[in-house]
Amino acid sequence: MNLNKKTQYKLSELAESLDVTIKGDPDCIIEGVCTIQNGIEGRITFLMNPLYAKYLPNTSASCVILQQGDASFCATNALICRDPYYVYAKIAQYFGNAAILDQGVHSSAVVDDTAVVHPEARIGANCVIGKATKIGKNAVLGPGCIIGDGVEIGEATALHANVTIYHDVIIGQNCVIASGAIIGSDGFGIAKHKGIWHKVPQLGRVVIGDFVDIGANTCVDRGAIGDTVIENGVKLDNLIQVGHNVKIGENSASAAFSGISGSTEIGKNTLIGARVGIVGHISIADNVVLTAGTGVSNSVKEPGIYSSGMAGLMTNKEWRKNCARINRLAKLYSRVKTLEKEIAKLSEREE
Amino acid sequence: MNLNKKTQYKLSELAESLDVTIKGDPDCIIEGVCTIQNGIEGRITFLMNPLYAKYLPNTSASCVILQQGDASFCATNALICRDPYYVYAKIAQYFGNAAILDQGVHSSAVVDDTAVVHPEARIGANCVIGKATKIGKNAVLGPGCIIGDGVEIGEATALHANVTIYHDVIIGQNCVIASGAIIGSDGFGIAKHKGIWHKVPQLGRVVIGDFVDIGANTCVDRGAIGDTVIENGVKLDNLIQVGHNVKIGENSASAAFSGISGSTEIGKNTLIGARVGIVGHISIADNVVLTAGTGVSNSVKEPGIYSSGMAGLMTNKEWRKNCARINRLAKLYSRVKTLEKEIAKLSEREE
Amino acid sequence: MNLNKKTQYKLSELAESLDVTIKGDPDCIIEGVCTIQNGIEGRITFLMNPLYAKYLPNTSASCVILQQGDASFCATNALICRDPYYVYAKIAQYFGNAAILDQGVHSSAVVDDTAVVHPEARIGANCVIGKATKIGKNAVLGPGCIIGDGVEIGEATALHANVTIYHDVIIGQNCVIASGAIIGSDGFGIAKHKGIWHKVPQLGRVVIGDFVDIGANTCVDRGAIGDTVIENGVKLDNLIQVGHNVKIGENSASAAFSGISGSTEIGKNTLIGARVGIVGHISIADNVVLTAGTGVSNSVKEPGIYSSGMAGLMTNKEWRKNCARINRLAKLYSRVKTLEKEIAKLSEREE
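Protein chains in written order, with this note's numbering: chain A, 46 to 396; chain B, 46 to 396; chain C, 46 to 396.
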């Protein structure tokens, strides 16, 4: 695919503008990436995780991106740097294969007359763009995206196919939003009256900063009153739920299936593991790490690594027994209390 | 946005037809909503949660919806009523900002000749409507909705953009279905034969009552034989899974990520917290509350609040230790048993 | 619906080519399916779960698919076989009601000139098909499917409405992919550099075998380097997350909400319960069963049934107490240790 794209580069071209030192042949031709354990001639790889260091001396890759300390074990060309994974990320961009849409608006797209689409934006087939919506320079909307009224999508932001953006959502620059993501859906506000639930209108917006990534089928609800806010540099994986009026601080990241309930504020630089659940109306401090599967029901005020929940894996048979043991803890406590009394009695008599 | 909509109302207009008493100036002009803590002149707010009562005397909002008991602490106009959150929900509708589609069928929509779309329905761009499907009066289909054959969508029901409705799904009146929701997908029925899984056809329907809300990217599977049923007034949040042949009773509500497995029946007025998992083929009584994260593996026959699962949040270090303690419970039990025997022996000797 | 389809069959027609014995009238007319407990004349049902055996003698169904051992309790016609649920699955196909698209490409679909669509494929309204993509014979794309560049979709594979397939995804024959599924989205690869997260390009593919089913709103990420692989006969339920470079072995099945993190390898014939979470970079042996809600943080090397996590359901009050007990386990252990020392001391004195 992507046949018009040059796919061969000299090592020196790839290294340009990166803070790296080339060891070996700067004219070596690189035409793709590979893993270090399955190295392929003509391709570039990286070494970051020490578990993979054993593959370094014998990899068939034509270049390894690595740290100074590993360079002497490398028998092929190397790019020496401080952050090999980051340098790999930059170089891998040369070999991307994603669709490149034509500039302009596809003839099948339905764009409201009052929408303002930058002439250097790319709007895919069957997109729908609402009233007074603005699409920035070099923004890309994959096919089938539906963008509501009054939306702003910043420069160089990319929406993959089939993304849905509700009205009045603001998205910054250089964001990537994956297919199936829903931004600006109503928060879950319901009010009971005479035994019946009534939907509470959700009148706020979603405001997303720059360099934010949002994964496939992730949902970000609009604010009830006021906005749901996702700050610059936040990275969200697939199938995440962000409730109304949540705020996620700069540069925080979350793995799949996490859920953040309404009005909760997440600090900067937090790391949220997969399937973490956070109740509403609390706050999580900066630099907090929540490990996978953790449930958070109170504010976390200090940086640190926090966990809750399940113990380790067991055979189902042992697990059933352990569940029974857990459920009998009340009895165990009272047995220990009884023992303590009896011991006290016996010891008294002794003296 | 929404520029054609009147956005200024007298307090008396907003109060009309609601069971409220106006305290203060009925001619006060209201042009939006705000929170009580961030009150804004010209806007209306509400007080429900006692935690926010401290903001009442000094809020800058021009009107607060509140209960009689709070009225004397309110320095501005007030709407006195029994259910402030419900009254707020009704009044907030005046300030909604969602897209208003034009009446009729958008020229880009693909509607089968045998479909019956009410002339006062609104069908958005790029919708697809199948054979013999009926769309009721004032129903709204946002752009990109795909509606299968033989579907019925009742009066005033709204589907947001990019909703998918499979064939033979029946949806009542005044429902709201959010983007990305999938209604009528096949249930997960597989039969093993000679070591290979075979898909079991799912021949039932989904039947949804009136005033049902379904959240973004929520999935409701069709019945295998017979129907999956969601009764009147049920409210489902985002990213929920409803299995085949599930029945959810009137006026029940569920937060995000809950999953209800096949053939389970949920009673009326139940509350299902986020990430609750319920196994198949059981029943949950009316008025049951299941707290967030709970796993339910047996029928619940009595109303009440039920829970299971994870204990509270700890530092990761303490949690690891506690997991180890839990995994060593078998040994603890036997240590206590040994102690009991020894004590018994000692006590015997004493006597 | 589906009015052109014959919906009446003789029992002998339905039994043709299946390994069954007809007991009773082979000319009995069958026009649909029913459950055994709600049997309907003219319809066929099956008996598999012994819990339902009590309904067999009195069911109103006109035929029951059952095992030899149950045949004598059946008062109506029967199809005797070894795998009643499998035979039911085969027969139920005659009564399917799903949309049958017209052969060929719908006029509203946008198909790139370089795509190759088999003339006997069926492409629904508003589909978008990318460059150099190949759609096989008898493949069906429901309305609104978006297929990227360089994709291959095999013979007789069906995509329901609104499926999104990214570029360079390979899908085999006879697969079924439900609405809202996203195949080939970017894996969650991010690299930190000077305190900022950077997206790592995801350059691999997704390669899916034959007879694979993928549920509604399930996400399968493309590989980072190399491919994400789903082997023949794998069955995935709704709302599942499959991370980059995961491999799922032949004939494994997973219930909803399970999540498999990056680079993990799942063996053949595994069964993954609902809401199971599996960390990255581990492997799960063939024939492993993971029960619902289990978290797996280390490789599982032996076949067997494994579990972790929550204990059984309790009233919320009892659960709160039990959580407190669990959180006080450290103290309980030290109390028992103290008791042991005291007992030892007392016993010593005795001797």
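Beta carbons: idealized from backbone N, C-alpha and C, even for Gly.
From the beta-carbon of CYS79 (chain A), the residues of chain C found nearer than 9 angstroms are ILE270 and GLY271. Residues of chain C whose Cβ lies closer than 8 angstroms to the Cβ of GLU58 (chain B) do not exist; the shortest such Cβ separation is about 42 angstroms.
Its Cα nearest to that of ILE191 (chain B), the residue B:ILE228 stands out among B:ILE228, B:SER117 and B:GLY87. Per DSSP, the continuous alpha helix (DSSP H) segment holding ILE136 (chain C) begins and ends at 129–137. Here PRO246 (chain A) is buried: its Cβ has 16 or more other Cβ atoms, across all protein chains shown, within 10 Å. Under a criterion of Cβ atoms nearer than 9 angstroms, no residue of chain B is adjacent to TYR54 (chain C); the nearest Cβ is some 14 angstroms distant.
Under the three-state reduction of DSSP output, CYS368 (chain C) falls in the helix class. The C-beta distance from CYS172 (chain C) to GLY199 (chain C) rounds to 17 angstroms, too long to meet the 8 angstroms contact threshold. In this structure GLU86 (chain B) is exposed. Its beta-carbon is surrounded by fewer than 16 other beta-carbon atoms within 10 angstroms.
One finds LEU374, ALA375 and TYR378 in chain A with Cβ atoms closer than 7 angstroms to the Cβ of ARG370 (chain C), taken in chain order. If you look at ALA60 (chain C), you'll find it in the alpha helix (DSSP H) that goes 56–60. Bounds of the beta strand (DSSP E) holding TYR351 (chain A) are 349–352. Inter-residue distance for GLY354 (chain B) and ASN314 (chain A) is about 29 angstroms (C-alpha atoms, whole angstroms). In the DSSP annotation of this structure, the continuous segment of the beta strand (DSSP E) that includes THR66 (chain C) starts and ends at 66–68.
Across the structure, VAL132 (chain C) and GLY260 (chain C) are spaced so that their CA atoms are roughly 23 angstroms apart. Across the region 296–321 of chain A, CB contacts with chain C closer than 7 angstroms involve ASN296, ALA298, ALA300, ALA301, PHE302, ALA319 and ARG320, in sequence order along the chain. Uninterrupted alpha helix (DSSP H) stretches at least 4 residues long and entirely within the region 121–209 of chain B occur at 129–137, given in chain order. Cα atoms of ALA319 (chain A) and HIS289 (chain C): separation of roughly 14 angstroms, rounded to the nearest angstrom. Taking 8 angstroms as the cut-off, the Cβ atoms of GLY193 (chain C) and TYR211 (chain C) count as close. Interface with chain A (8 angstroms Cβ-Cβ cutoff): TYR100 (chain B) is excluded. Contact annotation for ASP331 (chain A) against chain C: no contact, minimum CB-CB distance about 12 angstroms [criterion: below 7 angstroms]. For GLY229 (chain A), the enclosing beta strand (DSSP E) covers residues 227–230. Distance from the CA atom of GLY357 (chain B) to the CA atom of LYS362 (chain A), rounded to whole angstroms, is 26 angstroms.
Look at the beta carbons and you see the region 248–255 of chain C not touching the region 274–289 of chain B: under three pairs across the two are nearer than 8 angstroms. Short of 6 angstroms from the beta carbon of CYS73 (chain C), and not among the five residues preceding or following it, lie these beta carbons of its own chain, in chain order: LEU56, SER107 and ASN122. The contact set of ASN171 (chain B) on chain A, defined by CB atoms closer than 7 angstroms, consists of VAL155, ASN171 and VAL173 in chain order.
At a Cβ-Cβ threshold of 8 angstroms, GLY175 (chain B) and ALA116 (chain C) do not count as neighbours. The bridge partners DSSP lists for GLU387 (chain A) come to none. Counting C-beta atoms within 10 angstroms of its own C-beta, ALA389 (chain A) has fewer than 16 neighbours from the protein chains shown and is therefore classed as exposed. Looking at the DSSP output, THR360 (chain A) sits in a beta bridge with C:TYR351. Looking only at B:ALA375, B:ALA369, B:LYS366 and B:THR104, the smallest Cα-Cα distance to ARG370 (chain A) is reached by B:ALA375. Neighbours of VAL245 (chain B) in chain C, taken as residues whose beta carbon is under 8 angstroms from its own, are TYR130, TYR133, ALA134 and ALA137 in chain order. When the five nearest sequence neighbours on each side are left out, the beta carbons in the same chain lying within less than 6 angstroms of the beta carbon of ALA236 (chain B) are those of HIS243 and VAL245, in order along the chain.
Neighbours of ILE388 (chain A) in chain C, taken as residues whose beta carbon is under 8 angstroms from its own, are LEU384, GLU387, ILE388 and LEU391 in chain order. Per DSSP, the unbroken beta strand (DSSP E) holding ALA236 (chain C) starts and ends at 235–238. Taking C-alpha positions only, ASP258 (chain C) is separated from GLN218 (chain C) by approximately 11 angstroms.
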